[in-house]
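Right, one structure below, let's go through it.
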Amino acid sequence: MQEKIAEEMVSLAQNLKQNATLAGHIVKKDTETVQKTITNADQNYSKLQTEQSRLEQHLRRSCSCWIWIMLGVVCIVFLNMVVFMRLFPKKS
Numbered sequence: 001m002q003e004k005i006a007e008e009m010v011s012l013a014q015n016l017k018q019n020a021t022l023a024g025h026i027v028k029k030d031t032e033t034v035q036k037t038i039t040n041a042d043q044n045y046s047k048l049q050t051e052q053s054r055l056e057q058h059l060r061r062s063c064s065c066w067i068w069i070m071l072g073v074v075c076i077v078f079l080n081m082v083v084f085m086r087l088f089p090k091k092s
């Protein structure tokens, strides 16, 4: 009876050891996966920062371009109005 209990305890201890070893391997693989994911996330973040700065520069240039275009349109309209007023003076 005691031998049977001892054998069962040895079997349970071996199963526990195998389960602990398997759990250790699984945790190790998961840790490696997390590290790879963190590395990829850091690379993606740095690329995102680069693209964001490029986009900001592009937006600044675009806005500046539109301001110059609108300023030109306003000047042309003003000059046309002056010419119109000279061609057709106010009747008194």
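Take the sequence shown: its position 78, counting from 1, is numbered 78 in the UniProt record's numbering, and each next residue is one higher.
Glycine included, each C-beta is placed from N, C-alpha and C at the ideal position.
Treat the numbers as computed from the prediction; the structure is a model and nothing was measured.
**Item:** S53 (DSSP reduced to helix, strand or coil)
**Value:** helix
**Prompt:** DSSP state of F88, grouped into three classes?
**Reply:** coil
**Message:** I'd like the ranges of any alpha helix (DSSP H) spanning at least 4 consecutive residues and lying wholly in the segment 11-43.
**Reply:** none
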